[in-house]
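S.K.: In mature numbering (1 follows the signal peptide of the UniProt record, and there is no 0), the protein residues as written are -21 to -1, 1 to 77.
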(Lines of atoms letter the chains of each structure in order from A and count residues from 1; the text may use other names and numbers.)
(Lines give C-alpha, C1' and ligand atoms only; values in the text may rest on other atoms or scores of the structure.)
Protein backbone atom coordinates (compact mmCIF):
# COMPACT_ATOMS: atom_id res chain seq x y z
CA UNK A 1 0.00 0.00 0.00
CA UNK A 2 2.79 2.41 0.88
CA UNK A 3 4.57 1.59 -2.40
CA UNK A 4 1.47 2.49 -4.41
CA UNK A 5 1.00 5.72 -2.52
CA UNK A 6 4.66 6.62 -3.03
CA UNK A 7 4.43 5.81 -6.74
CA UNK A 8 1.31 7.95 -7.04
CA UNK A 9 2.96 10.89 -5.30
CA UNK A 10 6.02 10.62 -7.55
CA UNK A 11 3.81 10.54 -10.66
CA UNK A 12 1.89 13.60 -9.48
CA UNK A 13 5.16 15.48 -9.01
CA UNK A 14 6.97 14.35 -12.17
CA UNK A 15 4.21 14.39 -14.80
CA UNK A 16 3.36 18.11 -14.60
CA UNK A 17 7.02 19.04 -14.93
CA UNK A 18 7.32 16.85 -18.04
CA UNK A 19 4.25 18.52 -19.54
CA UNK A 20 5.66 21.99 -18.89
CA UNK A 21 9.02 20.99 -20.37
CA UNK A 22 7.28 20.17 -23.65
CA UNK A 23 5.66 23.61 -23.99
CA UNK A 24 6.82 25.88 -26.77
CA UNK A 25 8.40 29.04 -25.42
CA UNK A 26 9.49 32.33 -26.90
CA UNK A 27 13.11 31.13 -26.63
CA UNK A 28 12.54 28.09 -28.86
CA UNK A 29 13.77 28.27 -32.42
CA UNK A 30 11.22 28.57 -35.23
CA UNK A 31 12.62 25.34 -36.64
CA UNK A 32 11.04 23.52 -33.65
CA UNK A 33 7.53 24.62 -34.70
CA UNK A 34 7.01 21.97 -37.44
CA UNK A 35 8.12 19.21 -35.05
CA UNK A 36 5.90 20.37 -32.18
CA UNK A 37 2.69 18.51 -31.44
CA UNK A 38 -0.66 20.00 -32.37
CA UNK A 39 -1.42 20.54 -28.68
CA UNK A 40 1.84 22.44 -28.20
CA UNK A 41 1.10 24.65 -31.21
CA UNK A 42 -2.44 25.38 -30.05
CA UNK A 43 -1.23 26.12 -26.52
CA UNK A 44 1.45 28.53 -27.74
CA UNK A 45 -0.86 30.25 -30.24
CA UNK A 46 -3.56 30.61 -27.58
CA UNK A 47 -1.10 32.26 -25.19
CA UNK A 48 0.04 34.66 -27.93
CA UNK A 49 -3.56 35.42 -28.89
CA UNK A 50 -4.41 36.29 -25.29
CA UNK A 51 -1.31 38.46 -24.99
CA UNK A 52 -1.80 40.43 -28.21
CA UNK A 53 -5.56 40.50 -28.85
CA UNK A 54 -5.83 43.79 -26.95
CA UNK A 55 -3.74 45.41 -29.71
CA UNK A 56 -5.95 44.04 -32.46
CA UNK A 57 -8.86 41.61 -32.09
CA UNK A 58 -7.68 39.79 -35.22
CA UNK A 59 -4.47 38.75 -33.44
CA UNK A 60 -6.07 35.57 -32.17
CA UNK A 61 -5.04 31.93 -31.87
CA UNK A 62 -5.93 31.12 -35.48
CA UNK A 63 -3.92 34.05 -36.81
CA UNK A 64 -0.80 33.01 -34.89
CA UNK A 65 -1.12 29.39 -36.00
CA UNK A 66 -1.32 30.45 -39.66
CA UNK A 67 1.45 33.02 -39.38
CA UNK A 68 3.86 30.75 -37.52
CA UNK A 69 3.15 27.85 -39.89
CA UNK A 70 4.01 30.08 -42.84
CA UNK A 71 7.09 31.46 -41.12
CA UNK A 72 8.39 28.01 -40.16
CA UNK A 73 7.67 26.32 -43.48
CA UNK A 74 8.79 28.97 -45.98
CA UNK A 75 12.52 29.20 -46.49
CA UNK A 76 15.10 28.41 -43.85
CA UNK A 77 14.29 29.95 -40.46
CA UNK A 78 17.81 29.16 -39.21
CA UNK A 79 18.45 30.44 -35.70
CA UNK A 80 15.39 32.70 -35.53
CA UNK A 81 13.53 32.36 -32.24
CA UNK A 82 9.76 32.19 -31.88
CA UNK A 83 9.97 35.56 -30.11
CA UNK A 84 11.17 37.21 -33.33
CA UNK A 85 8.59 35.36 -35.41
CA UNK A 86 5.78 36.50 -33.08
CA UNK A 87 7.02 40.10 -33.31
CA UNK A 88 7.01 39.80 -37.09
CA UNK A 89 3.48 38.35 -37.08
CA UNK A 90 2.26 41.24 -34.92
CA UNK A 91 4.01 43.89 -37.00
CA UNK A 92 2.58 42.76 -40.35
CA UNK A 93 -1.00 42.76 -39.07
CA UNK A 94 -2.57 46.07 -39.88
CA UNK A 95 -4.83 47.87 -37.44
CA UNK A 96 -8.49 46.98 -37.93
CA UNK A 97 -10.53 49.47 -39.99
CA UNK A 98 -12.37 52.02 -37.90
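C-beta atoms are modelled at their ideal positions from N, C-alpha and C, and glycine is treated no differently. The structure presented is a predicted model; accordingly, all values stated were derived computationally and were not measured.
Quick check for students: name the residue ranges of the alpha helix (DSSP H) that lie wholly in the region 5 to 42, counting only runs of 4 or more.
M.R.: 17 to 31
S.K.: Thinking just about the alpha-carbon of each residue, which of 72, 68, 61 is nearest to the one in residue 3?
M.R.: 61
S.K.: Below 8 Å on the Cβ atoms is my contact criterion, and I expect residue 50 with residue 30 to pass it. Report the Cβ-Cβ distance as a whole number of Å.
M.R.: Not a contact, Cβ separation roughly 17 Å.
S.K.: Quick check: what's the CA-CA separation for residue 56 versus residue 45?
M.R.: Going from the Cα of residue 56 to the Cα of residue 45 covers about 16 Å.
S.K.: Is the separation between the beta-carbon of residue 9 and that of residue 34 shorter than 8 Å?
M.R.: no
S.K.: In the DSSP assignment, what residue or residues form a beta bridge with residue 60?
M.R.: 8
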